[in-house]
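Visitor: Take the position in the sequence shown, starting the count at 1, then add 7; the result is the number in this note's numbering.
Would you mind keeping the following structure in view while I ask a few things?
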Amino acid sequence: MEKIIQMLEVCLVNKQDCVLATIVEQKGSTPRGAGASMLVGKEGRLAGTVGGGAIEYKCECLAKELIDLKASRLEQFYLKPNEIQDLGMVCGGDVTIYFQFIEADQKENQAIVNQWKQLSIKDEQCWMIQDITSHTWSVFSKTEGVVGQEVPSCILETLKEKPYQIHSEGHHYFTLPLRMKSRVFVFGGGHVSQALVPILSTVGFQCTVLEDREAFCNRELFPTAEQVMQIDVSKISEYIHIKEQDFVCIMTRGHKDDLEVQAQVLHTPAAYIGVIGSRRKKASVFEKLRERGFTKRDLQRITTPIGVDIKAETPAEIAISITAQMIEKRAILRNQS
Numbered sequence: 008m009e010k011i012i013q014m015l016e017v018c019l020v021n022k023q024d025c026v027l028a029t030i031v032e033q034k035g036s037t038p039r040g041a042g043a044s045m046l047v048g049k050e051g052r053l054a055g056t057v058g059g060g061a062i063e064y065k066c067e068c069l070a071k072e073l074i075d076l077k078a079s080r081l082e083q084f085y086l087k088p089n090e091i092q093d094l095g096m097v098c099g100g101d102v103t104i105y106f107q108f109i110e111a112d113q114k115e116n117q118a119i120v121n122q123w124k125q126l127s128i129k130d131e132q133c134w135m136i137q138d139i140t141s142h143t144w145s146v147f148s149k150t151e152g153v154v155g156q157e158v159p160s161c162i163l164e165t166l167k168e169k170p171y172q173i174h175s176e177g178h179h180y181f182t183l184p185l186r187m188k189s190r191v192f193v194f195g196g197g198h199v200s201q202a203l204v205p206i207l208s209t210v211g212f213q214c215t216v217l218e219d220r221e222a223f224c225n226r227e228l229f230p231t232a233e234q235v236m237q238i239d240v241s242k243i244s245e246y247i248h249i250k251e252q253d254f255v256c257i258m259t260r261g262h263k264d265d266l267e268v269q270a271q272v273l274h275t276p277a278a279y280i281g282v283i284g285s286r287r288k289k290a291s292v293f294e295k296l297r298e299r300g301f302t303k304r305d306l307q308r309i310t311t312p313i314g315v316d317i318k319a320e321t322p323a324e325i326a327i328s329i330t331a332q333m334i335e336k337r338a339i340l341r342n343q344s
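Structure (structure tokens):
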């Protein structure tokens, strides 16, 4: 959503009306699920996607019409043959898309976008709440409250970490978590890390690389990382604070510090702890961790060997396998919330 925020700001600064098209319901097999969004200006799509192909073209055309009409609309598209609004696609499902008209001259819209941008910069969780009945919207965060149209407290009390619809007091609402990037702490700055960080950055992970070697704490090696830190691996807590939604990837040089890092990370609530290495190495390290008092339940938190088994060999292939596993884990965590 970062690109959408950026382009929304550009539209408002340049006094250009636009439409935010968001999938609020999806049934069957469709290219994108609920929450997928696309920003459309007078000249066409500006950012985001609702699935590409015929559905995206149809939505883009409708959004441009709504800009002329200065109107919002809820519209259903069928991705099945022989039905109204058939788009000639083979997915076999249908989607309901809400087209939110955003008028550039309206001060409330400017306030919403400014707040959204500030919360994004601070990496703070927030929600976009659209009142489909009255065609108004707002942004909410637990620290700043509601900016935009007022929202009933019962809606704010039931916000989830995934998109959902709710009806309250005769109004139809859609709430969308504007997820910030998931944080990943990558221990080790070797070849696999150098291949992994750029890929993770493209799929919404915010990476911090931690190394004890000065030569590998080089910004040029990790241009997409949020931070690159030289640390004493025996004192991790002095440098970072790992939270329950954070991911950890452990791949220190020659695996020499993997044991020490695992022992410390297990004392944090990290959502994912992945360690590179063989099954033989796993057995040896786990035995040493048991000797330190860690239980079977503790060790079950560690994913090793890290990554999806795609017979990866090169650093780039290993990085792809790790990224795939982390995307899957992130989706599971969000569905559980």
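We treat Cβ as the ideally placed atom computed from N, Cα and C, and that holds for glycine.
(1) Can you tell me which of P230, A278, V240 and Q137 puts its alpha carbon nearest to the alpha carbon of I249?
(2) Which runs of the beta strand (DSSP E) at least 3 residues long sit entirely within the stretch 127-161? Give them in chain order.
(3) For a cutoff of 8 Å on Cβ pairs, would you count S189 as touching chain D?
(4) What three-state label does DSSP hand L27 in the structure shown?
(5) Which word fits L217, buried or exposed, when buried means at least 16 other C-beta atoms lie within 10 angstroms of its C-beta?
(6) Check whether the Cβ atoms of A118 and D24 sit closer than 8 Å, and answer yes or no.
(7) If we ignore side chains and look at the alpha-carbon of each, how far apart do G48 and I309 end up?
(8) Ignore the nearest five residues each way along the sequence and tell me which others in A232's own chain have a CB closer than 7 Å to its CB.
(9) Looking at C-beta atoms only, is the number of pairs between the stretch 61-78 and the stretch 159-174 that lie closer than 8 Å three or more?
(10) Could you pull out every unbroken alpha helix (DSSP H) segment of at least 4 residues lying fully inside the stretch 161-215, listed in chain order?
(11) Between the alpha carbons of T140 and E324, how many angstroms are there, rounded?
(12) For K22, which residues from the same chain have a beta carbon less than 8 Å from its beta carbon, with the 5 sequence-adjacent residues on both sides left out?
(13) Is the distance from the Cβ of L246 to the Cβ of I238 below 8 Å?
(14) Look at the alpha carbon of E298 and the alpha carbon of L266, and state the distance between them as a whole number of angstroms.
(15) Mark S189 as exposed unless 16 or more other C-beta atoms lie within 10 angstroms of its C-beta, in which case mark it buried.
(16) Tell me where the beta strand (DSSP E) around R299 begins and ends.
(17) Roughly how many whole angstroms lie between the Cα atoms of V193 and F212?
(18) At the level of alpha carbons, what is the spacing between A202 and P322?
(19) What would DSSP say about S44, mapped onto helix, strand or coil?
(20) Would you check if the stretch 119-135 and the stretch 143-158 touch, i.e. whether three or more CB-CB distances between them fall below 8 Å?
(21) Answer with buried or exposed for G59, where buried requires no fewer than 16 other C-beta atoms within 10 angstroms of its C-beta.
(22) Are there 16 or more other CB atoms within 10 angstroms of the CB of M8, so buried, or fewer, so exposed?
(23) Please report how far the alpha carbon of H274 lies from the alpha carbon of K289, in whole angstroms.
(24) Taking C-alpha atoms, which residue in R52, S44 and F108 lies nearest to I74?
(25) So what's M8 in DSSP terms, helix, strand or just coil?
(26) For L94, which three-state DSSP category applies?
(27) Does the beta-carbon of I104 have 16 or more other beta-carbons within 10 angstroms, so that it is buried, or is it exposed?
(28) Tell me which same chain residues have a C-beta within less than 6 Å of the C-beta of G281, skipping the five on either side of it?
(29) At the level of alpha carbons, what is the spacing between P276 and R226?
Guide: Taking the coordinates as given:
(1) What you label residue 249 is simply residue 242 of the sequence shown in a count that begins at 1. Nearest of P230, A278, V240 and Q137 to I249, Cα basis: A278.
(2) 133-138, 143-148 and 152-155
(3) The structure shown contains no chain D; it holds only a single protein chain.
(4) Indexing the sequence shown from 1 puts residue 27 at position 20. If DSSP states are grouped into helix, strand and coil, L27 belongs with the strands.
(5) Along the sequence shown, one-based indexing puts residue 217 at 210. Counting other Cβ atoms within 10 Å of its Cβ, L217 reaches 16 or more and is therefore classed as buried.
(6) The count along the sequence shown starts at 1 and reaches residue 118 at position 111. The count along the sequence shown starts at 1 and reaches residue 24 at position 17. Not closer than 8 Å, so no.
(7) Within the sequence shown, residue 48 is the residue found at index 41, counting from 1. Within the sequence shown, residue 309 is the residue found at index 302, counting from 1. About 46 Å.
(8) Working through the sequence shown from its first residue, we reach residue 232 at position 225. V204, C214, T215 and V216.
(9) Contact annotation: the stretch 61-78 does not touch the stretch 159-174, with fewer than three C-beta pairs closer than 8 Å.
(10) 198-209
(11) Residue 140 sits at position 133 when you count from the first residue of the sequence shown. Residue 324 sits at position 317 when you count from the first residue of the sequence shown. Roughly 48 Å separates the two Cα atoms.
(12) For this step, residue 22 is matched to residue 15 along the sequence shown. Counting only Cβ-Cβ distances below 8 Å, and skipping sequence neighbours, we find A111 and D112.
(13) In the sequence shown, counting from the first residue as 1, residue 246 sits at position 239. In the sequence shown, counting from the first residue as 1, residue 238 sits at position 231. It should be pointed out that residue 246 corresponds to Tyr in this sequence rather than to Leu. Result yes, Cβ atoms of Y246 and I238 sit closer than 8 Å.
(14) Stepping through the sequence shown from its first residue, residue 298 is reached at position 291. Stepping through the sequence shown from its first residue, residue 266 is reached at position 259. Cα to Cα, the separation comes out at about 12 Å.
(15) As a first step, residue 189 must be located in the sequence shown, where it is residue number 182. Under the 10 Å beta carbon count, S189 is surrounded by 16 or more other beta carbons and is classified as buried.
(16) In the sequence shown, residue 299 corresponds to position 292, counting from 1. From DSSP, R299 is part of no beta strand (DSSP E); its letter is neither H nor E.
(17) In the sequence shown, residue 193 corresponds to position 186, counting from 1. In the sequence shown, residue 212 corresponds to position 205, counting from 1. Taking the straight line from one Cα to the other gives about 11 Å.
(18) Translated into positions along the sequence shown, residue 202 becomes position 195. Translated into positions along the sequence shown, residue 322 becomes position 315. Each residue's alpha carbon lies about 6 Å from the other.
(19) To locate residue 44, count along the sequence shown from 1; it is residue 37. The answer is strand: DSSP assigns S44 an E or B state.
(20) yes
(21) The residue labelled residue 59 in the question sits at position 52 within the sequence shown. Result: exposed.
(22) Position 1 of the sequence shown holds residue 8. M8 should be labelled buried.
(23) The sequence position of residue 274 within the sequence shown is 267, counting from 1. The sequence position of residue 289 within the sequence shown is 282, counting from 1. Taking the straight line from one Cα to the other gives about 19 Å.
(24) Walking along the sequence shown from the start, residue 74 turns up at place 67. The candidate whose alpha carbon is nearest that of I74 is F108.
(25) In the sequence shown, residue 8 corresponds to position 1, counting from 1. Coil at M8, not helix or strand.
(26) For the purposes of this step, residue 94 is identified with residue 87 of the sequence shown, where counting begins at 1. Caution applies to L94, whose pLDDT of 45 falls short of 50 and renders its modelled position unreliable; the model cannot decide the point.
(27) Counted from its first residue, the sequence shown places residue 104 at position 97. Buried, because 16 or more other Cβ atoms sit within 10 Å of the Cβ of I104.
(28) The residue you call residue 281 lines up with position 274 of the sequence shown. Once the five neighbours on either side are set aside, the close Cβ partners of G281 are C256, T310 and I313.
(29) One-based indexing of the sequence shown puts residue 276 at position 269. One-based indexing of the sequence shown puts residue 226 at position 219. One C-alpha to the other measures close to 28 Å.
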